[in-house]
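For the sequence shown, the numbering used here assigns the number 59 to the initial residue and increments by one for each residue that follows. See structure below.
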Amino acid sequence: MTTTSTTSADMASIPGSPNSEAPKIPRRNPKISMGWLHTAKFLTTAPELKHLPRLEVPEIAFVGRSNAGKSTCINTLTQQHRLAYASKTPGRTQSINLFTLGKQGVTDAVLADLPGYGYAAVPKEAKYRWQQVMGNYLMTRDNLTAVVLLCDPRLGLTELDEILLDVIRPRVEDGLKFLVLLTKSDKLNKTEAAKALQIVKLQAGGGDVKLFSALKKQGVEEVAQHLWDWAHPLVKPAKKPKAVSETPPAEDELPEIMEGEDMDADADADVGAIQSAPDTQATSRPPETN
Ligand code: GDP
59 MTTTSTTSAD MASIPGSPNS EAPKIPRRNP KISMGWLHTA KFLTTAPELK HLPRLEVPEI
119 AFVGRSNAGK STCINTLTQQ HRLAYASKTP GRTQSINLFT LGKQGVTDAV LADLPGYGYA
179 AVPKEAKYRW QQVMGNYLMT RDNLTAVVLL CDPRLGLTEL DEILLDVIRP RVEDGLKFLV
239 LLTKSDKLNK TEAAKALQIV KLQAGGGDVK LFSALKKQGV EEVAQHLWDW AHPLVKPAKK
299 PKAVSETPPA EDELPEIMEG EDMDADADAD VGAIQSAPDT QATSRPPETN
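So, in structure tokens, the structure goes:
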């Protein structure tokens, strides 16, 4: 498998390499998990699976439709204004972007930001290519430990999200952690939030579903703790995840993730506005082009 331009200095700090050593850190402390997430650094961008470096540390993937609030969520969790927006800069869109996490320069986990799907303006060919890359990634990435699916509760889980759930279901049965975040929860009142939680829990087959608001900071510490726990299990998993095929599945074996769904018009506050003016009114803007 070929690798990207990731330097050996980047890799040297990853456990499994000769000069790495896992620091001993107490559990269940929001300061610890938030501090840990704040260490996030861009590692590499991979337009295809073969460009992803092979890593030993747990990898947590963020997936969701365009405009679901994925970049804002990653930036909020890592307390960095522009980290995930790096994923939206030319050359890094339509790519898997990896960010390392770890205190004292020792990488002990990686966040993977996968491109948003369902954006109507993306040409069919690009959608199809991404269908392959994303399906392959979710089915075969060896160190994939958890998937966070972001969903705008006003839309609920869409057909594309449900297809993605089907793709990862066998791995979830094999121990892959899975969490659905209902983003922008500040836009819902209590009754709407409770209803959205109930519906999506059912749709997600009883999986873990949480409300999240970057604007109101709802769910931030709780999600940070989840990520920390996934990356630092008390007991090491006895066996590796199953789907570890060297050769990605043939194209016609893959379910269609990107096929024919248009992006619903959305009316959201701009991220900049969220960060600078918490109670800003929603303004219309087209979905991001990723
Ligand atoms: P992505 O395409 O999934 O990366 O979505 P973005 O993070 O770019 O967010 C899409 C839109 O939703 C932007 O206009 C954000 O300002 C808005 N947004 C994201 N998170 C929140 C939130 O917690 N509350 C509100 N009100 N808007 C949000």
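Positions of the beta carbon are idealized from the N, C-alpha and C atoms, including for glycine.
Distances from the CB of Ser91 to the heavy atoms of ligand 1 are all 7 angstroms or more. If you draw a 10 Å sphere on the C-beta of Asp224, you find fewer than 16 other C-beta atoms in it, and that means exposed. A Cβ-Cβ contact shorter than 8 angstroms links Ile154 with Tyr195.
Taking C-beta atoms under 8 angstroms as the contact rule, Gln276 and Leu269 qualify, at a distance of about 6 angstroms. In this structure, DSSP gives Thr158 an extended state, which the three-state scheme calls strand. About 30 angstroms separates the CB atoms of Gly193 and Thr97; that is not less than 8 angstroms, and the two are not in contact.
In terms of side-chain proximity, the C-beta atom of Ala272 is found nearer than 7 angstroms to a non-hydrogen atom of ligand 1.
Between ligand 1 and the CB of Gly277, the shortest heavy atom gap is not smaller than 7 angstroms.
DSSP places Leu239 inside the beta strand (DSSP E), whose first and last residues are 235-240. In this structure, Thr198 keeps its C-beta atom at 8 angstroms or more from the C-beta atom of Cys131. Remark: the shortest separation between the CB of Gly122 and any heavy atom of ligand 1 falls under 7 angstroms. It is roughly 22 angstroms from the alpha-carbon of Asp232 to the alpha-carbon of Gln190. In this structure, ligand 1 has a non-hydrogen atom nearer than 7 angstroms to the beta-carbon of Thr130. Under DSSP, Glu117 forms a beta bridge with Val168, Leu202.
Measuring C-alpha to C-alpha distances from Leu207 to each of Gly127, Thr136, Pro105, Leu237 identifies Leu237 as the nearest. The beta carbon of Gly122 lies closer than 7 angstroms to those of Lys128, Gly174, Leu207, Leu208, Cys209 in the same chain, with the five residues before and after it left out. Ligand 1 approaches Gly174 closely enough that one of its heavy atoms is under 7 angstroms from the residue's Cβ.
Counted as a single uninterrupted DSSP element, the alpha helix (DSSP H) harbouring Thr249 occupies residues 248-261.
As the crow flies, the alpha-carbon of Glu183 is around 43 angstroms from that of Gln162.
By a beta-carbon distance limit of 8 angstroms, Leu107 does not contact Leu135. Their separation comes to about 25 angstroms. With respect to the 8 angstroms criterion, Pro116 and Trp288 are classified as neighbours on the basis of their beta carbons. For Asp219, the Cβ stays outside the 7 angstroms cut-off from all heavy atoms of ligand 1.
Relative to the Cα of Leu113, the nearest Cα in the group Asp266, Ala272, Leu101, Pro105 belongs to Leu101. Looking at the DSSP output, Leu207 sits in a beta bridge with Val121, Val238.
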